[in-house]
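Residue numbers (full-length UniProt numbering), protein chains in the order written: chain A, 1 to 319; chain B, 1 to 319; chain C, 1 to 319; chain D, 1 to 319.
Even for Gly, the Cβ is constructed at its ideal location relative to N, Cα and C.
What follows is a set of notes on a single structure, which appears directly below.
Number of protein chains: 4
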Amino acid sequence: MSHASAAPRRYSYLGPAGTFTEAALRQVPEAEGQVWNPVDNLGEALNDVVTGASDAAMIAIENSIDGGVTVAQDALATIPGLRIIGEYLVPVRFVLVARPGTALSDVSVVAGHPVAYAQCRAWLDGAAPTHRHLVATSNVQAAADLFDPTKGVDAAIAPPGIEAHYDVEVLAEGIAENPDAVTRFVLVSRSVPVGDPTGADKTSLMVELPEDRPGALLDLLEQFAARGVNLTLLASRPIGDRMGRYRFVIDAEGHVKDERVADALLGVKRFSPKVSFLGSYPRADRVAATIRDLHDDDTFRDARDWLRGVIEGTRDGEA
Amino acid sequence: MSHASAAPRRYSYLGPAGTFTEAALRQVPEAEGQVWNPVDNLGEALNDVVTGASDAAMIAIENSIDGGVTVAQDALATIPGLRIIGEYLVPVRFVLVARPGTALSDVSVVAGHPVAYAQCRAWLDGAAPTHRHLVATSNVQAAADLFDPTKGVDAAIAPPGIEAHYDVEVLAEGIAENPDAVTRFVLVSRSVPVGDPTGADKTSLMVELPEDRPGALLDLLEQFAARGVNLTLLASRPIGDRMGRYRFVIDAEGHVKDERVADALLGVKRFSPKVSFLGSYPRADRVAATIRDLHDDDTFRDARDWLRGVIEGTRDGEA
Amino acid sequence: MSHASAAPRRYSYLGPAGTFTEAALRQVPEAEGQVWNPVDNLGEALNDVVTGASDAAMIAIENSIDGGVTVAQDALATIPGLRIIGEYLVPVRFVLVARPGTALSDVSVVAGHPVAYAQCRAWLDGAAPTHRHLVATSNVQAAADLFDPTKGVDAAIAPPGIEAHYDVEVLAEGIAENPDAVTRFVLVSRSVPVGDPTGADKTSLMVELPEDRPGALLDLLEQFAARGVNLTLLASRPIGDRMGRYRFVIDAEGHVKDERVADALLGVKRFSPKVSFLGSYPRADRVAATIRDLHDDDTFRDARDWLRGVIEGTRDGEA
Amino acid sequence: MSHASAAPRRYSYLGPAGTFTEAALRQVPEAEGQVWNPVDNLGEALNDVVTGASDAAMIAIENSIDGGVTVAQDALATIPGLRIIGEYLVPVRFVLVARPGTALSDVSVVAGHPVAYAQCRAWLDGAAPTHRHLVATSNVQAAADLFDPTKGVDAAIAPPGIEAHYDVEVLAEGIAENPDAVTRFVLVSRSVPVGDPTGADKTSLMVELPEDRPGALLDLLEQFAARGVNLTLLASRPIGDRMGRYRFVIDAEGHVKDERVADALLGVKRFSPKVSFLGSYPRADRVAATIRDLHDDDTFRDARDWLRGVIEGTRDGEA
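Next up, the structure:
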């Protein structure tokens, strides 16, 4: 049977070409040779997925310096029908660029994507203390904004290599605060059957806590700890209805088809008034979870066999 | 419909007629009209069950004053193939009896079952400070021992009403320390399929702890607490191989066919190097367990349905 | 001795007059009649405190919609010598304003403080889908930017009442997503002796977790739970040295001079490689903590008395 | 310097000479050359201490096979004013002895201390299936009972070496079930100031649980676990007022003058409606507790210093 006539797959990402998001998408083997659709912002990217205009969207979810991309976390928490299917890491470096002939001392308005700006702000506060910040929709668009006279931009925060795409000069390199900064991206599709474990997986959830229980967060964390499931991320986001109410963004080591993770999720589901499963997918860093014997799949299956035998009376109850 | 040809069921109990154990057996409706086999000690009673000589044995397992009947706990922990199928409570009161004509001041040797003796000891230490204790095999046998001249017994600790069976005089009544004392009995059979929950059940286990984990008992207890399963008994017994190694005797509220109890048992089984299931059976006091919503059977089933939908991608992961 | 010649106290806040931060400062009775110093950004405000230029600074720390003001959280975590001395809540409402004669359809560039912009973005995406965002340093400055021709601003997100200060027309009211939105502010001074408890207090901490312990966050939370201390905020912020390392921003109910809080802090301090105490201060909402008997001050003192007696042998060890 | 005129110290123990209890007392260097007072039972030994007739009493508290000596545990829980000041281990071996000329087949009545009898019962059930048990007040008294014609004793369970004191023949050696059996003894005095830690200490408590809290035992154990204090013994004993109410017998590693143990005891005291401190004393096995850095004395002191500085404002709150 031939797939010759199959429509190509379509990927939305924060464009244009040259962004870190594009660099993340380049890490996806299945995306090679397919249609890449640059968009202007997160909402557009996720909307493409929801409407079926695209098969998947690559979005930034966390930065090692600036923390969670809260607008992306909130979108995943509130838009139904989405599923994370992959995770990718991209090192983050920045240069300050300007139109040829501009001196650093001339810089008054700096275009930059807000996440990039946060990481370069310390340097900018030193080098251009009176600068103002104009929000750009992407790191590449910041450079493009230099050539839109209506914007009045003097300099732009952009990725290294930007001078290959635009007629700009580099005023300064390495302007981000931390040379080891990295941004974590996730590839998001509509809800699909969960893939198989690779042995180095991650599972993402959004969980609300019951309101009437002191120590509810402790109880939530114990659902994971009791099954030997480590968390790589725990962040709180306001639910938004009033001050002091939060949902928790959780990344757990392991795959929902791992017995210990499934059991932990059952515990979380029984406990939480609202839990969203966002996906189980291979970890970007390929680090396998450390699993003690008492939490491996065989131990879970043995326990179920034992319980069945005990109830049927065919086992005498001895371990 | 006729059961005429069915062999009668046979029950072993600590005899002779008149013991508290017999009083416990009288509480078993199914035992009425069947064969009751009085035996001399716990070992004989359980051996009857193991060999099939009897269908079940009634044994004392705990006293509200003296604590666990450790020899019975140890027997249940070490003899394979046994199952607790019922629980019964018998109020415990004692009289001191003697051959007619004996005065309290004449009493030098007192026959008594060790558990009875422990409860009456304070009174005896006051009334007959120099008495010696001769171990009797049952509370009724203690009275019988008065008429065995080779034993040199002067008085016996016996249940009220004993004078109906033996030619004895009551020297003193109410000699046990606590007027509200009660003994808990269990009916033991060979391993059989577990019966159905009644809504007021108890589940008995023997559990050994992993050796290499500090806080292992805490982890064990959390297996129950995390599922809202209360314990009515937690006792430690030496495993016997060396000082400081214990197994734990556990009675938990609920039935192994209750979802929360089954889930707790799976957790215990995964964690423990050796766990023995001793039975799920109706509680003697008929007190129903208090179950919060998040631990009831429906919540467990809903969580499993949710997880299945999430894995298949037919649910969008929202609660 | 006369205070007549005492220098007035000086308060820095995000200006100019009319900002929500100014509204928060108006809630501070001690600030009345003192010097109020409007500044352009958080860094300037905190710097005034560090250098002694101001006695205190009012800063926004959390919004009920947008979450923690991460730059403020990170500043408090990394700048030594600061102390929170008060907490204030300000309801947050926004209007969209423009120079007289501007129609909504003319709006291309919108000035707004980033937190305000986040709350009004949904409305703007609907009403002006192609708008661009220019970052303003405050909600009032956004309106002022309308009159700076170098900025090319068409409309501004501003607080209600702004038309009293600037020659603007209101294009739309109530443009924030949630009508109940509120922003939480804290008043920050240099380190000073902690004040006395009021019975409705809050204690703020920044805590790093030990790296070598799975379940470390669980252990941290148990330090509070074991003393009956509820948390009103738990947020994670990247430490910044590498992906996956977080510090935790914690607000706990109660005052460091409450015994249970002091004991919890001792536990946290023993456990954490780095903990910063940011202050104990009256809660803005004046809600008193619910304290069970076993966590009140008397219980703590009684236990210490008992332990002393036990060690000295003057108490027999009975409770 | 001379102590010539000091009154000798007086030690009560379960006599007569030759018992395991005497062997335990021989391990006490301070008891050498003092007055040793053999008594008939536990009650008498403890009464000597309470009345001041003796300075201390040596009592058996646990056996590696038979478990806790419950009557001793209950006595320590209910008699006020006692303090454990030392712990000793004695290996337990037994021989069966009789008057010269007696054959094993002649044995009908066997004298034995109940704890000894429990350990030899399996052997006796095999070698003399129809034997009866006469309770002896000590292992040595069992041999003496052979020569009291009023008792009708045929054989006695006694310690090896008994033939040096009585004219008996050994019918069988090594009749106890476990060749590694050991009994743990404690030396008990009136309440005295607690001694200093040796680095390998144990602390004994009796603790009742609050009635109104599910999971109360878990909370109790967490008081120890949270401070890194391991338990070497946890046993439950009925309080005696009704079925299902227990107090807990606890031996914890460490000394009440160790910071982590003191802090755990404060936690227990705040939580429990009734806690009895029974003493901190050197462990018989001289095994030092394993203490992690976060639970050592310096860590506790550092935390207190930090908290004081934080409250006074002389430390900026940084760790």
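Just confirm the distance between the C-beta atoms of F224(B) and A264(B), as a whole number of angstroms; I'd bet it's less than 8 Å.
5 Å
To the nearest angstrom, report how far apart H295(D) and G215(B) are at their CA atoms.
15 Å
CB-CB under 8 Å to D66(C), same chain, minus the five flanking residues each way: which ones, in chain order?
V115, A118 and Q119
Can you look up P114(A) in the DSSP assignment and give me helix, strand or coil?
helix
For T51(D), the three-state DSSP class (helix, strand or coil)
helix
Quick one: list the residues of chain B neighbouring E222(A), beta-carbon separation under 8 Å, in chain order.
What E222(A) touches in chain B, judged by beta-carbon distance under 8 Å, is E222 and A226, going in chain order.
Which stretch, first to last residue, makes up the beta strand (DSSP E) that contains E253(A)?
Run containing E253(A): Y246 to E253, per the beta strand (DSSP E) assignment.
Between which two residues does the alpha helix (DSSP H) carrying F277(A) extend?
From DSSP, F277(A) is part of no alpha helix (DSSP H) but of the beta strand (DSSP E) over K274 to P282.
Go to K202(C), then tell me how far its beta strand (DSSP E) extends in each direction, as first and last residue.
Where K202(C) is concerned, the enclosing beta strand (DSSP E) stretches over D201 to E208.
Using the rule of at least 16 other Cβ atoms within 10 Å of the residue's Cβ for burial, across every protein chain shown, is A24(A) buried or exposed?
buried
Span of the beta strand (DSSP E) around N63(D):
A56 to N63
Report all residues from its chain with a CB closer than 7 Å to the CB of A143(D); omit the five preceding and five following residues, and keep chain order.
V97, A156, A158, I162, Y166 and V168.
Going along the chain, which residues of its own chain have a beta-carbon closer than 6 Å to the beta-carbon of T102(D), five neighbours each way excluded?
none
Are any of the Cβ atoms in chain B nearer than 9 Å to that of G309(D)?
no
Would you list the residues sitting across from E173(C) in a DSSP beta bridge?
E173(C) pairs with V95(C).
What are the boundary residues of the beta strand (DSSP E) that N37(C) is part of?
V35 to V39
Give the secondary structure of T19(A) by DSSP, where H, G and I count as helix, E and B as strand, and everything else as coil.
coil
Three Cβ pairs or more, each shorter than 8 Å: is that satisfied between the region 131-146 of chain C and the region 127-146 of chain A?
yes
For A319(D) and T78(D), what's the separation of their Cα atoms in angstroms?
Confidence in A319(D) is poor, its pLDDT being 41 and thus under 50, which makes the residue's placement unreliable; the coordinate value appears in the next sentence. One C-alpha to the other measures close to 46 Å.
CB contact below 9 Å: F248(C) versus chain D:
No, F248(C) lies away from the interface with chain D (no Cβ there is under 9 Å from its Cβ).
Those residues which DSSP pairs with Y13(A) across a bridge:
P38(A) and M58(A)
Is M1(B) helix, strand or coil by DSSP?
Because the pLDDT at M1(B) is just 41, under 50, the model does not fix this residue reliably, and the value given afterwards should be weighed accordingly. The answer is coil: DSSP assigns M1(B) none of H, G, I, E or B.
Around the Cβ of T19(C), are there at least 16 other Cβ atoms within 10 angstroms (buried) or fewer (exposed)?
buried
Just curious, the beta strand (DSSP E) that I157(A) is in, first and last residue?
A155 to A158
Under three-state DSSP, which class holds E211(C)?
coil
To which residues does DSSP link H133(D) through a beta bridge?
V110(D)
Interface residues of chain B around L218(A) at Cβ under 9 Å?
Taking a Cβ-Cβ threshold of 9 Å, none of the residues of chain B is close to L218(A); the smallest such distance is about 11 Å.
Pick from S12(C), P16(C), P238(C) and Q27(C) that is closest to M58(C), judged by C-alpha positions
S12(C)
With C-beta atoms as the reference, is R190(B) less than 9 Å away from D302(A)?
Not in contact: R190(B) and D302(A) (Cβ atoms no closer than 9 Å).
Report the residue from D219(D), V110(D) and D196(D) whose alpha carbon sits nearest the alpha carbon of E312(C).
The shortest C-alpha to C-alpha distance from E312(C) to any of D219(D), V110(D) and D196(D) is the one to D196(D).
For A111(C), collect the residues of the same chain with a Cβ closer than 6 Å to its Cβ; drop the 5 residues on either side in sequence, then sort them by chain order.
L134, A136, A142, D145, V153 and A156
CB-CB length for A56(A) against V49(A), believed under 8 Å
6 Å
What are the boundary residues of the alpha helix (DSSP H) that includes L220(D)?
A216 to A225
Considering only residues of the same chain and omitting the five flanking positions on each side of Y246(B), which have a CB-CB separation below 7 Å?
Contacts found: S236, R237, P238 and I239.
Evaluate G81(C) with the Cβ neighbour count: other Cβ atoms within 10 Å of its Cβ, from every protein chain shown; 16 or more gives buried, anything less gives exposed.
Counting C-beta atoms within 10 angstroms of its own C-beta, G81(C) has fewer than 16 neighbours from the protein chains shown and is therefore classed as exposed.
Nearest to D74(D) (by Cα), restricted to the options V287(D), R26(D), P282(D) and S276(D):
S276(D)
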